[in-house]
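Notes follow the structure.
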Amino acid sequence: MKTLDRYIAGNFLYGYIIALAVMLGMFLAVDLFLHLDEFAEHAELGMMTVLNNIIHYYTARAVLWFRDLGGVIIVIAAVFSMARLTRNNELIAIMASGVSLKRVLAPILFLALLLTGLVVAVQEAVIPRISGELTRKHDQLAGDAAYDLWFIGDAHGNLLCCPRYQEREQTMYHPLIILREKEADIWRVVGRIQAQRAVYDTTRKGWVLEEGQLLVAFRPETQQPYLTEFERVDFYATNLNPETLPLRRWEGFKSLLSLRQLIELEQDPGTRPTELAEIAVQKHSRITTPIINLIMLMVALPVLVCRDPRDMKTAILVSFLTTAACFTMNFLCSLYATEVFFGQVHPALFTWLPIFVFFPIALVEIDSMHT
15 MKTLDRYIAG NFLYGYIIAL AVMLGMFLAV DLFLHLDEFA EHAELGMMTV
65 LNNIIHYYTA RAVLWFRDLG GVIIVIAAVF SMARLTRNNE LIAIMASGVS
115 LKRVLAPILF LALLLTGLVV AVQEAVIPRI SGELTRKHDQ LAGDAAYDLW
165 FIGDAHGNLL CCPRYQEREQ TMYHPLIILR EKEADIWRVV GRIQAQRAVY
215 DTTRKGWVLE EGQLLVAFRP ETQQPYLTEF ERVDFYATNL NPETLPLRRW
265 EGFKSLLSLR QLIELEQDPG TRPTELAEIA VQKHSRITTP IINLIMLMVA
315 LPVLVCRDPR DMKTAILVSF LTTAACFTMN FLCSLYATEV FFGQVHPALF
365 TWLPIFVFFP IALVEIDSMH T
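For what it's worth, the numbering used here labels the leading residue of the sequence shown as 15, then goes sequentially.
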């Protein structure tokens with residue numbers, strides 16, 4: 015059986031490498047064709063600079079595409095492997111030797127489990143490290159972006175605003191920090207800090223303020239408005255740093271965080287209540303997405319095990335439709351997971367719903383295989 019397992023595993027890995035190269039190459043070619051003019055905006059810096067920018071940009075993007083397409087690529091590789099076995103009538107020879115066709119699926123499922131684990135490792139360990147690169151636009155050089163920041167909450171519950179932040183210099187120009195305190199589930203503004211400039215200090219874990227001024231506008235203990243003269247302040251400690259700022263301003267930044275970072279963000283007082291449902295969806299999806307990828311394979315594989323090569327085209331079509339149905343349902347559930355139904359939000363229910371629907375289907379298909 016080891017010889018047979020190695021042969022089937024080799025076919026599967028061969029198909030996986032081809033599918034991975036084709037899918038990533040197709041995405042890269044289309045995206046580069048649509049945005050080549052944006053990369054060319056820096057042509058005055060020289061061809062090598064432009065090429066280096068393109069390589070760095072798409073290296074990070076390839077990692078993100080690998081995460082998003084991991085389940086689909088596994089299914090395509092399985093189709094390739096089973097089609098090759100059927101075309102050469104090798105399944106008939108395996109059955110004639112007394113080996114169940116369910117046994118043929120074992121090396122494919124084992125490798126699919128390992129590759130799904132690789133996708134999880136990429137999501138949890140690699141993508142959070144390159145998240146800043148993934149938020150960069152096509153016409154921006156690495157580390158050279160400048161943009162505004164508005165009402166970004168930190169661990170203290172305060173809100174940070176800035177009309178211009180320079181990534182390379184790690185500098186905010188004319189920052190404004192709105193100071194707040196929580197009282198009976200209500201955030202009350204108690205003051206503000208403003209400065210001409212703020213530069214991040216990695217040693218002190220905060221921002222060094224230039225001409226910083228603090229104005230206390232409200233004293234919670236007296237429940238009365240309180241105005242005083244501006245006080246000088248030269249430092250503001252916060253969990254917002256040059257690594258997290260590009261993420262927090264990007265709408266879809268939560269998908270680039272690890273599960274540990276999502277839990278920390280959920281417990282962060284600066285996180286808005288409207289974001290908690292989206293964070294819950296992301297937390298559940300870190301568990302359900304690998305399971306759904308394996309279920310898509312389990313739904314497709316039994317259909318592909320056909321002994322007659324003439325039935326292979328029909329089998330591929332049926333497996334494609336069932337896999338597409340699972341993928342589509344998962345996508346639609348992720349869209350509606352943060353919507354309000356019957357006065358409540360049900361992120362956990364919608365995230366797990368595709369598993370509840372398609373896992374029994376996969377078991378029925380495997381049990382009904384003609385072996």
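We put the CB at the ideal spot given by N, CA and C, even for glycine.
Asked                                                                                                                                          : Found
Would you report the Cα separation of Phe244 and Gln208, rounded to the nearest angstrom?                                                      : 10 Å
Going by CA-CA distance only, name the one from Phe41, Gly39, Met40, Leu65 that's closest to Asp51.                                            : Leu65
Beta-carbon within less than 6 Å of Glu176's beta-carbon, same chain only, minus the 5 sequence neighbours each way: which residues are those? : The amino acid at residue 176 is misidentified as Glu; the sequence shows Cys. So the qualifying residues of the chain are Leu163, Met186, Pro189.
Quick one: what's got a C-beta closer than 8 Å to Ala54's C-beta in the same chain, skipping five residues either side?                        : Val64
Quickly, what does DSSP pair Gln208 with across the bridge? List them, please.                                                                 : Leu190, Gln227
Does Glu138 come out as helix, strand or coil in the three-state DSSP assignment?                                                              : helix
So if DSSP puts Ile200 in a beta bridge, which residue, or which two residues, is it bridged to?                                               : Glu197
In whole angstroms, give me the CA-to-CA distance for Leu367 and Ile122.                                                                       : 26 Å
CA-CA distance, Leu125 and Ala362?                                                                                                             : 29 Å
Short check: CB of Val213 to CB of Val222, under 7 Å?                                                                                          : yes
To the nearest angstrom, report how far apart Thr303 and Asp153 are at their CA atoms.                                                         : 32 Å
For a quick check, are the C-beta atoms of Gln180 and Ala160 less than 7 Å apart?                                                              : yes
Using three-state DSSP, classify Arg178 as helix, strand or coil.                                                                              : strand
Would you call Met310 buried or exposed, if buried means 16 or more other Cβ atoms sit within 10 Å of its Cβ?                                  : buried
Measuring alpha carbon to alpha carbon, tell me which of Arg246, Phe249, Glu224, Leu276 ends up nearest Thr11.                                 : Here the chain comprises residues numbered 15 to 385, so residue 11 is not present and cannot be evaluated.
Under 7 Å, do Ile191 and Asn172 count as touching if we go by C-beta distance?                                                                 : yes
For Ala376 and Val332, which I take to be in contact (beta-carbon distance under 8 Å), what is that distance rounded to the nearest angstrom?  : About 14 Å separates the two Cβ atoms, so there is no contact after all.
Less than 7 Å between the C-beta atoms of Leu270 and Leu132, yes or no?                                                                        : no
Looking only at C-alpha atoms, which of Leu155, Ile306, Ala329 sits nearest to Asn344?                                                         : Ile306
Determine the direct distance from the alpha carbon of Thr130 to that of Leu308, and round the result to whole angstroms.                      : 8 Å
Apart from the five residues on each side of it in sequence, which residues of its chain come closer than 7 Å, Cβ to Cβ, to Met37?             : Leu83, Ile87
Once you ignore the five residues that flank Ala91 on each side, which residues in its own chain have a CB closer than 6 Å to its CB?          : Phe26, Gly29, Tyr30, Ala33
Could you tell me whether the Cβ atoms of Val247 and Gly220 are closer together than 7 Å?                                                      : no
Residue range of the alpha helix (DSSP H) that Ile90 falls in?                                                                                 : 61-101
Is the beta carbon of Leu229 sitting closer than 7 Å to the one on Arg206?                                                                     : yes
Quick one: measure Cβ to Cβ for Leu115 and Met326, integer angstroms, because I've assumed they're closer than 8 Å.                            : Actually they are not in contact, since the Cβ atoms of Leu115 and Met326 sit about 14 Å apart, beyond 8 Å.
Do you know whose CA, among Phe334, Glu379, Tyr350, lies nearest Ala291's CA?                                                                  : Tyr350
Where Leu346 and Trp79 are concerned, what is the direct C-alpha to C-alpha distance, given to the nearest angstrom?                           : 20 Å
What is the DSSP secondary structure of Thr352, reduced to helix, strand or coil?                                                              : coil
Ends of the alpha helix (DSSP H) at Gly167?                                                                                                    : Counting along the chain, Gly167 falls outside any alpha helix (DSSP H), though it belongs to the beta strand (DSSP E) covering 160-167.
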